Amino acid sequence: MKAIEITSFGAPDVLRAVERPDPVAGEGELLIRVAASGVNRPDVLQRTGNYPVPPGASDLPGLEVAGTIVSGDAKALAEAGLSVGDRVCALVAGGGYAELCVAPVAQCLPVPEGWSDTEAASLPETFFTVWSNVFERGRLQKGETLLIQGGTSGIGVTAIQLAKAMGATVIATAGSDEKCAACLKLGADHAINYRSADFAAEVKTLTGGKGVDVVLDMVAGAYVAREIECLAEDGRLVIIGVQGGLKAEINAGLVLRRRLTVTGSTLRPRPIAFKAAIAQALRAKVWPLLASGAIKPVIHSIFAAAGEPSGAAQAHVLMESNQHIGKIVLTW
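Heads up, the sequence shown is in numbering that gives the first Met the number 0, so the first residue is 0 and it goes up one at a time.
Written out as structure tokens, the structure reads:
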């Protein structure tokens, strides 16, 4: 099969098209002929040597794919209601940048009705992440307010649409007026340009001084202290990225007085059973929203994975530029 390999840690040009032996599905697994692969920030971190591959996972980058089942564990397929020839999208721990990809059956979901494989490849990583962190760890409820840092990222566009569909008020931050307008178009109630305004002060104004119930943070660093300031009583701060740095100095008194929760998680190293439970929740509560059109795909750019120059390298250049609004996808 054709695949995209990280030849060494470094700039996007270390991504090269190579030939690899076809993988074989084992117990509880299936093999997907990949039509499209999603590109995510962790792929960039892996390429630069800042995100070690979990034990047992493929060294190839890529955490989400969509395509057609070509083989698999018959018993596991039957139990999941899947068959060879079905179109699925899947969350994987690695190996997504390839024409063939092995995935745990429990981490696969049917391609939503009316969606293309390219659109479906934009789903798993962000939807698993947002559901797990915003709705399970962050416990966002109907009628509450969510602050999303980075509203036009893949995670951001998913969080905006999903939170609004679940009845929450959404405030998103973005780095330009154009991106703020995109957040509002996606359904955010308010958008704050963090380059021209203090998001903590704006949040206080927008909420009448109450603050928000949940913050989804992909920045960390100095943002953490300011996010704690704009949380309402019993508020929850969920950290899923550290682009702004690993260390933060906070006002612990606010945490005590307002009974705040500061938490975080990474999804990739979690066990299959944990991800399977998320998949089941998504299929029951979110997949109907995708099929109905209540939540729509937001794809900024599509690249031919193994093209010349490398489509994967071009995708990573775009990802690192932070100029995209929505998802970046590779096609095979």
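The beta-carbon is built from N, C-alpha and C at its ideal position, and this holds for glycine as well.
This one's a predicted model, so the numbers in the text were calculated from it and none came from an experiment.
The alpha helix (DSSP H) with residue i in it runs from where to where?
i    : result
Q160 : G153 to A164
F126 : P123 to V129
Out of curiosity, what's the CA-to-CA distance linking residue i and residue j?
i    : j    : result
A196 : S175 : 11 Å
A342 : Q279 : What is shown of the chain runs 0 to 331, which leaves residue 342 out entirely.
P53  : R282 : 26 Å
A190 : C179 : 5 Å
V13  : A312 : 8 Å
I298 : H323 : 9 Å
L29  : G292 : 28 Å
V261 : A119 : 32 Å
I68  : L44  : 29 Å
G208 : V223 : 18 Å
G243 : S121 : 25 Å
N192 : A181 : 12 Å
A16  : E307 : 9 Å
L266 : G93  : 12 Å
A56  : A199 : 40 Å
Could you check if residue i is buried or exposed, using at least 16 other CB atoms within 10 Å of its CB as the buried criterion?
i    : result
Q106 : buried
V83  : exposed
R382 : There is simply no residue 382 to check, as the chain begins at 0 and stops at 331 in what is shown.
D58  : exposed
G216 : Before going on, a small fix: residue 216 reads as Asp here, not Gly. Per the 10 Å Cβ criterion, buried.
Q140 : exposed
S320 : exposed
A305 : buried
E89  : The sequence given here places Ala at residue 89; Glu does not occur at that position. Buried, since its Cβ has 16 or more Cβ neighbours within 10 Å.
F302 : buried
N250 : exposed
T204 : exposed
Could you please give me the residues that DSSP links to residue i through a beta bridge?
i    : result
R15  : E4
V169 : L145
K326 : I298
I191 : T172
T262 : V237
V214 : L146 and L236
L99  : R32
Which first and last residues belong to the beta strand (DSSP E) in which residue i is found?
i    : result
E63  : E63 to G71
T204 : Unbroken run through T204 is the alpha helix (DSSP H), F198 to L205; no beta strand (DSSP E).
S372 : This structure gives no information on residue 372, because the portion of the chain shown stretches from 0 to 331.
V104 : Neither: V104 is in no beta strand (DSSP E) and is coded neither H nor E.
C88  : R86 to L90
A231 : L230 to I238
For the ligand GDP, any of its heavy atoms closer than 7 Å to the Cβ of residue i?
i    : result
I294 : Among the components modelled here there is no ligand, and therefore nothing to report on the ligand GDP.
Can we say the segment 12-31 touches the segment 94-114, given the rule of at least three CB pairs closer than 8 Å? yes
With three or more C-beta pairs closer than 8 Å as the rule, is the segment 1-18 touching the segment 218-234? no
Contact between the segment 119-139 and the segment 152-162 is defined here as three or more beta-carbon pairs at a separation below 8 Å; is this criterion met? yes
Should the segment 133-153 be regarded as contacting the segment 209-227, the criterion being three or more beta carbon pairs within less than 8 Å? yes
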